[in-house]
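Each residue of the sequence shown is one higher than the one before, starting from 12 at the first, in our numbering.
Quick reminder that beta carbons are idealized off the backbone N, C-alpha and C, glycines included.
Nothing here was measured: the structure is a model prediction, and the numbers come from that model.
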Amino acid sequence: MTTPSTTVPAGSIAPAVAAAVADASRIKTRAIDRVAYASDASHFLLTPRAIVVAEDAAEVAAVLRAASAAGSRVTFRSGGTSLSGQASGDDLLIDTRRGFRRIDVLDGGMRVRVQPGATVRQVNARLLRHSRRLGPDPASEVACTIGGVVANNSSGMACGITENTYRTLESMVIVLPSGTTIDTGDPDADTHLRNREPDLFEGLIRLQRRVRSNPQSVALIESQFAMKNTMGYGINALLDFDSPVHALAHLVIGSEGTLAFVAEATFRTVPIKPKTTTTLAVFPTLDDATRALPALVATEAATLELMDATSIRVGQSFADAPAQILGFSPSTETALLIEYHATGDDELAALAARGADVLGSIALRAPAVFSSEVEARATAWKLRKGLYTSVAGARPSGTTALLEDIVVPVPSLASTCDGLQLLFERYGYRDSVIFGHAKDGNIHFMLTDRFEGAEAMARFSGFTEEMVDLVLDAGGNLKAEHGTGRVMAPFVRRQYGDELYGVMRELKRLCDPTGILNPGVIIGDDPHAHLRDFTHAEPIEAEADRCVECGYCEPVCPSKDLTLTPRQRIVVRRATARAEASGDHALARELDRDYDYAGIDTCAVDGMCATACPVLIDTGSLIKRLRREEANPVLAAGWKAAAKVWGPMTRVGSVALTAADAVPARLVTAATTAGRALLGADTVPTYAADLPGGGPARRGRAGLLGAGARAPIAVYLPACVNSMFGAAGDGIGVTAAFTRLLARAGISVVVPEGIETLCCSTPWTSKGYAAGRDVMVRRVVDSVRGASRNGELVIVSDGASCTEGFAHIFDDAGLAYRTEDAVDFVAREVLPVLGDISPIVDTLVLHPTCSSTQMGLNPALHTVGDAVAHEVRVPDAWGCCGFAGDRGMLHPELTASATAAEAAEVRALDADGHASCNRTCELGMTRATGKEYRHVLELLEEATRSLPAPQSR
12 MTTPSTTVPA
22 GSIAPAVAAA
32 VADASRIKTR
42 AIDRVAYASD
52 ASHFLLTPRA
62 IVVAEDAAEV
72 AAVLRAASAA
82 GSRVTFRSGG
92 TSLSGQASGD
102 DLLIDTRRGF
112 RRIDVLDGGM
122 RVRVQPGATV
132 RQVNARLLRH
142 SRRLGPDPAS
152 EVACTIGGVV
162 ANNSSGMACG
172 ITENTYRTLE
182 SMVIVLPSGT
192 TIDTGDPDAD
202 THLRNREPDL
212 FEGLIRLQRR
222 VRSNPQSVAL
232 IESQFAMKNT
242 MGYGINALLD
252 FDSPVHALAH
262 LVIGSEGTLA
272 FVAEATFRTV
282 PIKPKTTTTL
292 AVFPTLDDAT
302 RALPALVATE
312 AATLELMDAT
322 SIRVGQSFAD
332 APAQILGFSP
342 STETALLIEY
352 HATGDDELAA
362 LAARGADVLG
372 SIALRAPAVF
382 SSEVEARATA
392 WKLRKGLYTS
402 VAGARPSGTT
412 ALLEDIVVPV
422 PSLASTCDGL
432 QLLFERYGYR
442 DSVIFGHAKD
452 GNIHFMLTDR
462 FEGAEAMARF
472 SGFTEEMVDL
482 VLDAGGNLKA
492 EHGTGRVMAP
502 FVRRQYGDEL
512 YGVMRELKRL
522 CDPTGILNPG
532 VIIGDDPHAH
542 LRDFTHAEPI
552 EAEADRCVEC
562 GYCEPVCPSK
572 DLTLTPRQRI
582 VVRRATARAE
592 ASGDHALARE
602 LDRDYDYAGI
612 DTCAVDGMCA
622 TACPVLIDTG
632 SLIKRLRREE
642 ANPVLAAGWK
652 AAAKVWGPMT
662 RVGSVALTAA
672 DAVPARLVTA
682 ATTAGRALLG
692 ADTVPTYAAD
702 LPGGGPARRG
712 RAGLLGAGAR
722 APIAVYLPAC
732 VNSMFGAAGD
742 GIGVTAAFTR
752 LLARAGISVV
762 VPEGIETLCC
772 STPWTSKGYA
782 AGRDVMVRRV
792 VDSVRGASRN
802 GELVIVSDGA
812 SCTEGFAHIF
822 DDAGLAYRTE
832 DAVDFVAREV
842 LPVLGDISPI
852 VDTLVLHPTC
862 SSTQMGLNPA
872 LHTVGDAVAH
882 EVRVPDAWGC
892 CGFAGDRGML
902 HPELTASATA
912 AEAAEVRALD
922 ADGHASCNRT
932 CELGMTRATG
942 KEYRHVLELL
952 EEATRSLPAP
962 QSR
């Protein structure tokens, strides 16, 4: 009953459904694609038989029409961050993310029209320049998409039930299972619905009358929807709206893909309050904390986040734990993170004073002091948001983290939490933390276990039954934010009773007569649905084993629209391990074969996934390991030999590029194409006419650079990539530009002897050639140790990825050497000396890189950009370009896919200048946009040519 199938069912799609898809390449039935889509953020595992990557709403309508006729079951998937199993299915899964990312800001940001594939963060980034944001503020905003926000009636930490999706959505475009498309914002929408779907139109009117005429139904709805509630359908819409089409639109909100597809949603936005003040108050007991809530809510606190004693104990292990939770052994204590938001300082001070008055009358462990300091706020929120990270990331290998949420009236919160803690103890769920949105009575708790076998599932079943009784006896809702899904579908009738459950079943029948949309979600006949199809996280490589499959990594991945995302790379590894464990060796071989390209070859190993991962997994580290394990011994030996003679190798590469630049590009391209056919696409790079000629040698830079005989303040390691690839157009290149800037600022640096033979080792690291990297690491360390006086001087390089590579060399060698990118160095040391600089371009588009992001370099990049341009823009659709050293030449399709959205935005901006901070990224963006990208320090050098000589330092 509880174990998923050990072999993946064969891929298939109904012929009529396949015919409804305009491009057959967007139909995926390979095993690797289907297991990649099988997992979402929930603890369920359902493998689809086919995936359709839908192009637009018209295609979805055609597919649904065909699926209704064929009886194909359909599940929609966008962000895949849902936690209750509503984004997984075992038949046809429609990807509604890739083709549905349009965002239209309307009325100066007062409204925004969004397609379902855009994330909350992407929408808010567009709204930020208007000082507006979406009302829903889910913690998963980095990855959750508008499709899921609408389908789950998302809320969050601050929005409560006044700014959630239900309250802020103005209109939507919906596609019914019949294929009928309705724009609920159309003034004639009711007429269109009545004419096209008469049974549904009349049925909605009957349901409105049925509910409104039953006082018990009205009272129950008003009671349960006075709190957060994502249990069952949002049948409060039958009371709130007279128009059938507006009632339908709000019934679709929170319907989890079981009634219709939402192709577009228009929201009323809310203002951003830029001023904040925060405190962390520790109460003696949970009861003390909850008793304070009514008074704190009355002070208009924006957030009141609760953390129980177990949460405090977990938080005490954080390296930067807030001082308020240190110095005691938690037993009954409870913390509240309290925050106020305001538009101005006076308003903020008044709010904080009201909060301080309330807290001052309570016996806290220590006085609660409000602070507007960014660091204090960040530390407090890191504690709150890090609870999930710490517990989920530290769970035993092979276990699953199950995150649940409930809501009860605030006066019942303390007793409900006490009851949950008793259940944790009774059923053996140790270290289960309770945290959540206390002002709403909404709490989350997490269970970790290997939910497998009769004993484990009996415990979970018993726990769930008692938890349901606990919440319902307190007058609460079994789901507040995460949606009913499969995990609570068997309990919808118990929460609402037979009459309102009957209303919900009739609503489902009216909208989806053939029952094709997400069967088993919200409405179902299986009383054990919450115990079936659990995922079992088979142990895999240590680099990725702690993954909780949340999907936060996916929006930042450059290969997300080409092959696999980081989550999918991990999911496929787990599927392969599961296949091997079950004896399905044929499936394991098939997955391994297809993983070579989809998982390994097209991974940029850029580390951006780690910047979004709540448990800090760098999937690139996993791929580097796999590349090391699968490295061709002949190639590995060749790259080791290259490391030993790297100076001549870089010159050979430079000369080859210069020679190639001098002959017709088609001849060189033909030669590389033949080489790729013979030796493999992951071995021989593709030559293209947009590649520059070779760059100058570095050996002439050795010794003191900059201000002549002055004592050097840094060691400068010019990147070999700038020697191999020449500068853009008529530019002088970043190495020459940096040297001139140093001279103008009166600053001296030293370049080690033998610089021509040094490299950051990234080529060997990214390809998995460990022996060659070891050769280079030893050479770099030996050279830099003397030049830097054993780390006394900072080490500077002039390519962001190279700077990051050098930093890794020193870290791996156990050396506490400081590394700094040339952009940072210039912003810190050079710009203050140069004085006033006249901009040389009106509008400058900057492309931050994956390395500049991970090193915290982007503020300095923007500072230098501000010095040379009147206006600096970073595209809203910015992301890693996927060029990744030579990856963009080995697999140019990766860069083309990774840059598509950003390139379209850059072309529309039509700026005067374009810059970045890494040569290969400049090449990738030049190729993608047709605009010439240069290093930002080249622009600064041009802008400062007429400046007077600096004063003596």
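According to DSSP, residues forming a beta bridge with residue i
i	result
R677	Paired residue(s): none; R677 is not in a bridge.
S382	T289
D832	S808
K39	I62
8 Å Cβ shell around residue i - same chain, five flanking residues per side excluded
i	result
G941	R918
S328	S401
T574	Y608, A609, G610 and T613
Where residue i sits in the DSSP three-state scheme
i	result
R122	strand
N4	In the structure as shown, the chain begins at 12 and stops at 964. Residue 4 is therefore absent and cannot be evaluated.
Y440	coil
E350	strand
M12	The predicted model places M12 with a pLDDT of 45, which falls under 50 and marks its position as unreliable; any figure quoted below should be read in that light. Looking at M12 - three-state DSSP - the assignment turns out to be coil, as it is neither helix nor strand.
F502	helix
I24	coil
H203	helix
P255	helix
M183	strand
H261	helix
M457	strand
E952	helix
N488	strand
I114	strand
M10	Because the chain spans 12 through 964 in this model, residue 10 falls outside it and cannot be assessed.
S266	coil
Given residue i as reference, the closest of the options once Cα atoms are compared
i	options	result
G452	K239, A80 and G404	K239
H493	N163, M318, I611 and A648	N163
L458	L414, G496 and S472	L414
L905	R938, L424 and E882	R938
C170	V583, G893, G146 and A248	G146
C624	K396, S908 and A824	K396
A25	R60, D809 and P659	R60
D605	P20, S23, A29 and V46	V46
G706	D34, G691, E267 and M735	M735
L56	R516, A98 and V421	A98
R930	Y727, E913 and L948	L948
Y828	A811, V807 and C813	V807
S985	M121, A540, R662 and N135	Shown here, the chain extends from 12 to 964; a query on residue 985 therefore has no answer.
V482	E463, Q506 and R461	Q506
H547	P378, M660 and S53	S53
K286	A21, S228 and H352	H352
Cβ-based neighbour list, residue i, same chain, cut-off 6 Å, excluding 5 preceding and 5 following
i	result
R945	A739, G742 and A926
G535	A500
F236	N247
T86	G100, L104 and N529
G214	L521
I551	R584, R585 and A588
Sequence-distant residues of the same chain with beta carbon closer than 7 Å to residue i, five excluded per side
i	result
E591	A599
D197	H203
I62	K39, D44, R45, Y48, L104 and D106
8 Å Cβ cutoff, residue i in contact with chain C
i	result
R395	The structure shown contains no chain C; it is built from a single protein chain.
Proximity test, residue i beta-carbon vs the ligand MG heavy atom, cut-off 7 Å
i	result
D451	The ligand content of the structure shown is nil, which means the ligand MG is not present either.
Determine, using beta-carbon pairs with one atom in the region 146-162 and one in the region 39-50, whether at least three such pairs fall under 8 Å.
Touching, no, given that fewer than three Cβ pairs across the two stretches are closer than 8 Å.
For the pair the region 780-788 and the region 749-759, tell me if three or more CB-CB distances fall below 8 Å.
Touching, no.
Assess contact between the region 328-339 and the region 255-269, defined as three or more Cβ pairs (one per stretch) separated by less than 8 Å. Is contact present?
No: the two stretches stay apart, fewer than three of their Cβ pairs being nearer than 8 Å.
Under 8 Å, with one C-beta from each stretch per pair, do the region 808-822 and the region 843-857 reach the 3-pair mark?
The region 808-822 vs the region 843-857: no contact.
Three Cβ pairs or more, each shorter than 8 Å: is that satisfied between the region 121-140 and the region 457-475?
No: fewer than three Cβ pairs fall under 8 Å.
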